[in-house]
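Chains as they are written, first to last, in my numbering: chain C, 1050 to 1352; chain R, 1050 to 1352; chain X, 1050 to 1352; chain Y, 1050 to 1352. Structure record follows, encoded as structure tokens.
Have a look at this one:
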């Protein structure tokens, strides 16, 4: 297994069958620095316009349509002392008539303490002077090239992954993506220092990271939607609007997973899910929303 | 403050301006036994048809439209050795075409161990033989009479509360409801021994409980949607379809609350919510779905 | 068959099992004057607060749960020289971020020419000086008492009818409603002189009408959602949010109707609907939206 | 102005910045034969896999991002004696629990009488033996390359057009599309002999057509969503899920259009739309649904 230090010189605003920027073997590790969602790098230089410029694509040898690409998010190290967010909360998440009362949208700066691993507003209002957040790094947008020759905007998400903006996609998480083209063509970028559920201001704390991922091809296993594992849970993802449909995709994928890997037919899986399932709202801001269907591993036995 | 032992002899399938079954003073405590969602009591006797027969209404002296009724859920003690659930998961939570593959709906029995405070399927499939759930009691349906002379089915929910089926509405939780009629007219029932997020099989483990609640009128404070407090968090509730709209109601209510009680204007509240908000899906089964907008108290200072 | 001249003295803001204001035989005709959606009568006197005060309920002898109430809308004659609408269009029907740019809500007056049967703004902006609309009267809100002891706000709609705000519910239309309580308990009000699809300003031209309806009990026929017939089409109604769900209810009801009365099984009905169905959006403003599924009678043969 | 007879040899399953297959001047006319949604041509030969293979792209000289491409659909002549549809109606348009009762999906053949311009089922059930439909040709999928380097599946639609499946996109209709890349890169295909509202079986009658379109660049006019004109009406299109969001896009675009071209500010436009707007449901089957906001020209004066 090799480790590649990948320094991109171009970035993409869509995830698709773009020319590979790096070729790796299955199981290799890639270390790369990401620029922020607006295309600004760690030195404050605008390198590409938004939305969400992607490093990549990375061609993983041996990946074929119908395979799964396993993405281990190994580490995420912040590499800039500032981040930014939008405010106020999005018109999408308040009652329609209440939108009239929202203040104008404005970008604000956060200071990131890379020793303490905390973030705070650079110019907080009095009411938030003591508001210091521990960092909880995550990758907002990553995925593999979709089928049918599509190139999908990094503003949105679908079966291939994309701009899911789900806060559990951070270090220690393993994500599984459905390969649709030879080499999988993995892209990543749009890293957040912190983000609440739903990404309801339209951003996490947007900044630059050094990210380490290990990419491995899994043969003989086909999935429809992204899946993930964290220490205690397995997770199936659905991306769509409205939230109801995203939840349907995630739940359907989980039902399939419980049947394939854990020996639970639809009746047994239903008895289990009905009483123990947890749903997370990844984002309720992007063109496609993201819902995660999550089950604790303590309830499951691999079959 | 008095404690009332309330033994209902009639039950309602709607929450509305029905004749009061009990009058209490503000701050009084009520102990009452609930029948299950199908109207069967702790002895197995059918007392009322479904859905979700309500004990009540309880008239709280002094409550007037525009007030808030504070409901402390003090204790919930299971009083029957069995509960039941539906299976498989609802057609609402899988992809529409996948509904064709769902097995037929069927009610199953769970055994409740009232000493160990656990539940398990009475006749589990082999794959769930070791599946033993700790009880996590909650009230599925409760609320106050709505405005405009309405009587709203206990199958659904709205501003007045109702069938929210949110798993955090259990012992230790304090709920705030908007009073719309004199006396508030509080109803409760439909208790669950356990329930996953979303109530995706259409039930929690439906059984009978002895419930103790303390009902207190709060003057000079008006709310639109139910609110709640648990040990670590404050919570605003929205009830509607689709989930997107329920989330809008909950977030709008939270934004108001942060302004009124915690000194955060819309800009400050947005900076906070954007990075720390948590959303729970109460239910995604009833005619109105329920979303909870939740914020940890550690980020807040009462103003 | 008798004709009753019904002069209400009280009005209801919910449709429910209120005490009957009139008893009639099946097949009788009722002539009654309605007040406007805000509760103002033809003389400008406020008679009841809003929303949508209802004349009724009318108890129809012989109607039992499981029957159908046939409502022939015979005539609608405007009885006031003014109507009113809201403006601008609702926050519900523009892009969320565009809500910020909507002007404030304001009620405006229309002059109704009862001889010419036209309406025009009392104080039109220059760009609308020539804007003269032919009247197209319709009943915005009408229905029968719902099941389970419910009383449902006249702001919304459900299986029982209610505030459907569908512009084809005017003279010449026959509507079929599902009876849920003895006597059916028919209510009506909220008449509009004109209304576009969707009721997107939140009102039609709200005014007072003399309405003539003939109410007939149909035994031996059970429906779930309101149905209607106009000269050329049959129509099934769905009421819910989002529009997608309203459309599902309407289409499911139509599928049933085509099977029961027109000899089309699900396969044949699908071949027909797929190529000839028409959908109307009744309203996209009220808490429950309304979608009509419409099929031309020329394609159908009663079986 | 020239006329080009365009005979494609490759087809695309996405609309994007593919290499141009034809270059034309603004104002030129193109005559081309389309293959059906499944990729079968007029001779029954499979030329490309589905979904909805596109002829094109056609590069229109002078078109630049920010311009409008005017597409006049001049003629559509059926060139095959058969078409096909799916049945039964989609799981998307019936109540979720009713999906269980839908028969299996099956493709059926229709005979197209090209002299009489009618279609009928090749093997009709007895109940549809007399069911003969006049042809009403339309283009199901057409559009221009989207922004951000995207290539969007022909199964779906967005600002660029795409698989809108709206039955009024037939001969005599002029469509306006927002140009996002140099040359506009126009694609078309997926023609239907007939289609009901909503495309609720997932197809119109899918067949092959000779289509004549005239493509003209309009400078100095920027639009966000597709617009159209038919003899009596102007139309704005929105593509999204759920229907509510598609309707918001369409209405917002219409509001802009009424302001720019017809001198109606938001207040005046609201008074007009509120009473005269018509909504059509293009499709309620594709990943993005399509809603048309339609206003009769008789109410409008170009300013």
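Yeah, the Cβ is synthetic: ideal placement off N, Cα and C, and Gly gets one too. Note that the structure is predicted; figures quoted are calculated from it, not measured.
To the nearest angstrom, how far is it from the Cα of residue 1161/R to the Cα of residue 1168/R? Your numbering for residue 1161/R matches position 112 in the second chain. Your numbering for residue 1168/R matches position 119 in the second chain. C-alpha separation (whole angstroms): 4 Å.
So is residue 1247/C in contact with chain R if we call contact Cβ pairs under 7 Å? The residue given as residue 1247/C occupies position 198 in the first chain. Yes, residue 1247/C lies at the interface with chain R (some Cβ there is under 7 Å from its Cβ).
May I ask you to report which of helix, strand or coil DSSP gives residue 1333/Y? Numbered from 1 along the fourth chain, position 284 holds the residue referred to as residue 1333/Y. The answer is coil: DSSP assigns residue 1333/Y none of H, G, I, E or B.
Could you check where the alpha helix (DSSP H) with residue 1213/Y kicks off and where it finishes? Reading the fourth chain from its first residue, position 164 is the one you call residue 1213/Y. That residue, residue 1213/Y, is in no alpha helix (DSSP H); it is neither H nor E in DSSP.
I need the DSSP call for residue 1085/C, collapsed to helix, strand or coil. Reading the first chain from its first residue, position 36 is the one you call residue 1085/C. In this structure, residue 1085/C counts as coil in the three-state DSSP scheme.
First and last residue of the uninterrupted alpha helix (DSSP H) at residue 1323/C: As a position in the first chain, residue 1323/C is number 274, starting the count at 1. Where residue 1323/C is concerned, the enclosing alpha helix (DSSP H) stretches over 1315-1325.
Exposed or buried, which one is residue 1119/C when buried takes at least 16 other CB atoms within 10 Å? Position 70 of the first chain, counted from the start, is the residue given in the question as residue 1119/C. Flag for residue 1119/C reads buried.
Name, please, each residue of chain X whose Cβ falls closer than 7 Å to the Cβ of residue 1319/Y. Working through the fourth chain from its first residue, we reach residue 1319/Y at position 270. In chain order: 1136, 1137, 1138 and 1250.
Cβ atoms of residue 1088/C and residue 1099/C: under 7 Å apart, would you say? Residue numbering aside, residue 1099/C sits at position 50 when the first chain is read from its first letter. Residue numbering aside, residue 1088/C sits at position 39 when the first chain is read from its first letter. Result yes, Cβ atoms of residue 1099/C and residue 1088/C sit closer than 7 Å.
Are the segment 1190-1204 of chain Y and the segment 1197-1217 of chain C in contact at 8 Å, needing three or more beta carbon pairs? yes
Taking its Cβ as the centre, do 16 or more other Cβ atoms sit within 10 Å of residue 1058/Y, making it buried, or is it exposed? Stepping through the fourth chain from its first residue, residue 1058/Y is reached at position 9. Per the 10 Å Cβ criterion, exposed.
Contacting residues, own chain, Cβ-Cβ under 8 Å from residue 1151/R (five flanking each side not counted): To locate residue 1151/R, count along the second chain from 1; it is residue 102. These residues qualify, in order along the chain: 1137, 1138, 1140 and 1143.
With C-beta atoms as the reference, is residue 1191/X less than 7 Å away from residue 1210/X? On the third chain, position 142 is the one that residue 1191/X refers to. On the third chain, position 161 is the one that residue 1210/X refers to. The answer is yes: Cβ separation under 7 Å.
How about residue 1174/X: is its C-beta nearer than 7 Å to some C-beta of chain Y? Here residue 1174/X corresponds to residue number 125 of the third chain, with the count starting at 1. Yes - at least one Cβ of chain Y is within 7 Å of the one on residue 1174/X.
Is there a Cβ from chain R that is less than 7 Å from the Cβ of residue 1346/C? Residue 1346/C sits at position 297 when you count from the first residue of the first chain. Cβ-Cβ to chain R under 7 Å: no for residue 1346/C.
Where in the segment 1159-1190 of chain R do unbroken runs of the beta strand (DSSP E), each at least 3 residues long, occur, reported from the N-terminal end onward? 1167-1170
Could you check the C-alpha separation between residue 1193/Y and residue 1258/Y for me, to the nearest Å? Translated into the one-based positions of the fourth chain, residue 1193/Y becomes position 144. Translated into the one-based positions of the fourth chain, residue 1258/Y becomes position 209. Going from the Cα of residue 1193/Y to the Cα of residue 1258/Y covers about 20 Å.
When the Cα atoms are used, what is the spatial distance from residue 1346/C to residue 1312/C? Here residue 1346/C refers to the residue found at position 297 of the first chain. Here residue 1312/C refers to the residue found at position 263 of the first chain. Rounded to whole angstroms, residue 1346/C to residue 1312/C spans 14 Å at the Cα level.
Other residues of its chain near residue 1243/R: CB distance less than 7 Å, five sequence neighbours each side excluded: As a working note, residue 1243/R is residue 194 in the second chain. These residues qualify, in order along the chain: 1168, 1182, 1184, 1185, 1253 and 1254.
Figure out for me which residue from 1166/X, 1156/X and 1240/X has the closest Cα to the Cα of residue 1188/X. In the third chain, residue 1188/X corresponds to position 139, counting from 1. Ranking 1166/X, 1156/X and 1240/X by Cα distance to residue 1188/X puts 1240/X first.
Which two residues bound the contiguous alpha helix (DSSP H) that contains residue 1311/Y? Counting from one through the fourth chain, the residue named residue 1311/Y turns up at place 262. Element bounds for residue 1311/Y: 1292-1311.
Would you say residue 1340/C lies against chain X (beta-carbon separation less than 7 Å)? As a first step, residue 1340/C must be located in the first chain, where it is residue number 291. Residue 1340/C does not count as touching chain X.
Could you pull the DSSP bridge partners for residue 1282/R from this structure? If you number the second chain from 1, residue 1282/R lands on position 233. For residue 1282/R, which the question treats as bridged, DSSP gives the partners 1345/R.
For residue 1170/R and residue 1215/R, what's the separation of their Cα atoms in angstroms? Residue mapping note: residue 1170/R aligns to position 121 of the second chain, counting from 1. Residue mapping note: residue 1215/R aligns to position 166 of the second chain, counting from 1. Looking at the two C-alpha atoms, the distance is approximately 22 Å.
Where does residue 1082/R land, buried or exposed, given buried means 16+ other C-beta within 10 angstroms? In the second chain, residue 1082/R corresponds to position 33, counting from 1. By the 10 Å Cβ count, residue 1082/R comes out buried.
Can you grab the Cα-Cα spacing for the pair residue 1338/R / residue 1306/Y, in whole Å? Indexing the second chain from 1 puts residue 1338/R at position 289. Indexing the fourth chain from 1 puts residue 1306/Y at position 257. Approximately 36 Å between the Cα atoms of the pair.
If you follow the beta strand (DSSP E) that residue 1122/X is part of, which residue opens it and which one closes it? Taking the first residue of the third chain as position 1, residue 1122/X is located at position 73. Element bounds for residue 1122/X: 1117-1127.
With a Cβ-Cβ cutoff of 7 Å, do residue 1288/C and residue 1207/C count as a contact? As a first step, residue 1288/C is located in the first chain; it is residue number 239 there, counting from the start. As a first step, residue 1207/C is located in the first chain; it is residue number 158 there, counting from the start. In contact: residue 1288/C and residue 1207/C (Cβ atoms closer than 7 Å).
Have a look at the DSSP bridge pairing and note the partners of residue 1255/C. As a position in the first chain, residue 1255/C is number 206, starting the count at 1. BP columns for residue 1255/C point to 1133/C and 1241/C.
So for residue 1149/C, helix, strand or coil by DSSP? Stepping through the first chain from its first residue, residue 1149/C is reached at position 100. Residue 1149/C: helix per DSSP, three-state reduction.
Could you spell out the range, first to last residue, of the beta strand (DSSP E) harbouring residue 1076/X? For the purposes of this step, residue 1076/X is identified with residue 27 of the third chain, where counting begins at 1. First-last for residue 1076/X: undefined, no H or E at that position.
Nearest by alpha-carbon distance to residue 1076/C: which of 1055/C, 1051/C and 1095/C is it? What you label residue 1076/C is simply residue 27 of the first chain in a count that begins at 1. Comparing Cα positions, the closest option is 1051/C.
Is there at least one Cβ from chain R nearer than 7 Å to residue 1291/X's Cβ? Here the question's residue 1291/X lines up with position 242 in the third chain. Yes - at least one Cβ of chain R is within 7 Å of the one on residue 1291/X.
Limits of the beta strand (DSSP E) - the one that residue 1141/Y falls within: Taking the first residue of the fourth chain as 1, we reach residue 1141/Y at position 92. Taken as a continuous stretch (DSSP letters only), residue 1141/Y belongs to no beta strand (DSSP E), as it is neither H nor E.
Nearest-angstrom Cα distance between residue 1275/R and residue 1135/X? Here residue 1275/R is taken as the residue at index 226 of the second chain, counted from 1. Here residue 1135/X is taken as the residue at index 86 of the third chain, counted from 1. Taking the straight line joining both Cα atoms gives about 30 Å.
Contact between the segment 1115-1131 of chain C and the segment 1288-1304 of chain C is defined here as three or more beta-carbon pairs at a separation below 8 Å; is this criterion met? no
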